[in-house]
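Below you'll find the structure, written out as structure tokens, and then a few comments.
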Amino acid sequence: MKVNYLTVHSDFKLNGNHFGKDELCVFANEIKSSEEEYKQQLAKFILEWFDENNYVELTTSGTTGTPKTIRLQKNAMVNSALATAEFFNVKANCKALHCLPTQYIAGKMMLIRALVLGWDLDLVKPNNHPLDGTAKTYDFAAMVPLQVEKSLTELYRIKKVIIGGAKLNSTLADALKQLSTEVYETYGMTETITHIAAKKVQDNAFSVLPGIEITTDNRNCLVIEAPRLSDEKITTNDVVEILEGNRFIWLGRFDNVINSGGVKLFPEKIEEKLSGKIPHRFFVIGKPDTTLGEKLILVIESEPYTIENSVFDTLDKYEKPKEVLFVPKFSETETGKIKRADSIA
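Residue numbering for the sequence shown follows full-length UniProt numbering, starting at 1 and increasing by one per position.
Structural data, given as structure tokens:
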């Protein structure tokens with residue numbers, strides 16, 4: 001299926017109104033001076049999408065390094081939308097909720113999917129309670145974990161929800177497993193034009209989208225080959241276990257792995273075990289140690305308090321923190337992801 005990125009699907013609707021390319025650009029010029037930032041960002045992206053360039057410039061998140069500006073080809077973004085449609089079986093006239101900021105890749109792609117696939121898209125102001133402003137039911141939506149957590153009692157109004165931007169904690173995942181809604185955790189990044197893999201919350205392993213091939217490097221980190229999205233292979237810092245059928249289990253970030261006395265510890269797995277047992281934001285990280293090389297420490301965003309030993313009962317022997325550090329406020333990226341090393345500097 002060949003789709004020109006300058007062509008708007010005849011079934012596309014935004015907030016109940018049909019728009020072609022020209023009408024959409026007129027609409028964007030009308031709202032670009034809006035007092036509401038999310039409307040300004042929407043207008044900016046619409047005009048950028050239909051400008052003379054065949055690419056879009058974005059800034060990476062900077063979660064584990066310095067943010068950088070990259071160019072994504074518009075045709076590659078179209079291909080990403082088509083792969084999403086095939087994988088999740090979402091077609092023309094799909095009623096979709098757009099509740100993510102359009103200045104970031106996830107928000108941009110919700111609009112592109114609607115333009116390319118002919119969705120009936122409702123745009124609402126991005127906040128932690130995206131369903132509060134509408135009583136409608138939807139076929140599809142993309143959210144971040146906090147939005148999902150705040151929408152648990154209303155999520156039945158959406159048939160399929162994809163979640164990205166941050167790892168799901170086990171407490172929220174368990175709650176989502178009880179719902180009638182199909183809920184998927186996604187794997188991706190700005191460089192891969194959002195998700196290249198997804199898994200239902202009931203599953204252990206991610207399955208890749210059509211047109212994606214995966215391998216690992218000598219660190220056991222995921223290498224992505226996606227010719228319809230990128231001309232080059234993308235080497236990640238995510239340690240994975242690859243299974244048959246182009247599936248993989250995510251173990252953690254290579255740059256977060258702690259080597260403590262010769263034992264490799266994955267912070268994300270330890271944090272998952274502690275989820276729901278610490279009433280504040282937290283993470284675990286390695287700290288230089290003369291005996292172990294690195295010792296595992298628990299960092300909590302809070303004033304100091306006494307932690308009961310029973311909190312650590314689910315952890316293996318080597319996973320138990322050697323020290324607890326309390327920090328008044330974590331350092332974050334612009335998108336709200338915790339910058340671990342900066343938070344304890």
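For each residue, glycine too, the CB sits at the ideal point set by N, CA and C. Since the model is a prediction, treat every value here as computed from it, not as a measurement.
- Message: Residues in the same chain with beta-carbon distance under 7 Å from residue 307, minus the five sequence neighbours each way, listed in chain order, please.
- Response: 324
- Please check the pair residue 224 and residue 233, which I expect to be a contact at CB under 8 Å, by giving their CB distance rounded to whole angstroms. 7 Å
- Query: In chain order, which beta strand (DSSP E) runs of at least 3 residues are fully inside the stretch 313-338?
  - Reply: 323-327
- Report yes if the CB atom of residue 102 is closer than 7 Å to the CB atom of residue 95, and no otherwise. no
- Below 8 Å on the Cβ atoms is my guess for residue 296 versus residue 121; work out the distance and round it to an integer in Å. Contact doesn't hold; Cβ gap of about 45 Å is too wide.
- Message: Runs of 4 residues minimum, wholly inside the UniProt domain "AMP-dependent synthetase/ligase" (52-200): which ones carry the alpha helix (DSSP H) assignment?
- Response: 74-88, 105-117, 145-150 and 170-176
- Using only alpha-carbon positions, find the residue among 344, 110, 275 and 111 that is nearest to residue 288. 344
- Message: What residue range does the beta strand (DSSP E) around residue 35 cover?
- Response: Counting along the chain, residue 35 falls outside any beta strand (DSSP E), and DSSP gives it neither H nor E.
- Three-state class that DSSP yields for residue 238 in the structure shown: strand
- Message: Would residue 239 and residue 220 qualify as a contact pair, given that the criterion is a beta-carbon distance under 7 Å?
- Response: yes
- Query: Smallest Cα separation from residue 177: which of 317, 50, 165 and 152?
  - Reply: 152
- Message: In the DSSP assignment, the alpha helix (DSSP H) including residue 302 goes from what residue to what residue?
- Response: Per DSSP, residue 302 belongs to no alpha helix (DSSP H) and is neither H nor E.
- Identify whether residue 340 lies in helix, strand or coil by the three-state DSSP scheme. helix
- Task: Classify residue 191 as buried or exposed, calling it buried when 16 or more other Cβ atoms lie within 10 Å of its own Cβ.
- Result: buried
- Integer Cβ distance of residue 87 from residue 210, believed to fall under 8 Å: 6 Å
- For residue 105 versus residue 194, is the C-beta spacing smaller than 7 Å? yes
- Query: Going by Cα to Cα distance, which pick from 321, 274, 201 and 45 is closest to residue 182?
  - Reply: 201
- Query: What does residue 285 pair with, by DSSP beta-bridge criteria?
  - Reply: 297
- From residue 274 to residue 341, what distance separates their C-alpha atoms? 20 Å
- Can the beta-carbon of residue 265 be found closer than 7 Å to that of residue 258? yes
- Three-state secondary structure (DSSP) of residue 264: strand
- Task: Evaluate the contact criterion for the stretch 20-33 versus the stretch 65-78: three or more CB pairs, one atom per stretch, below 8 Å.
- Result: no
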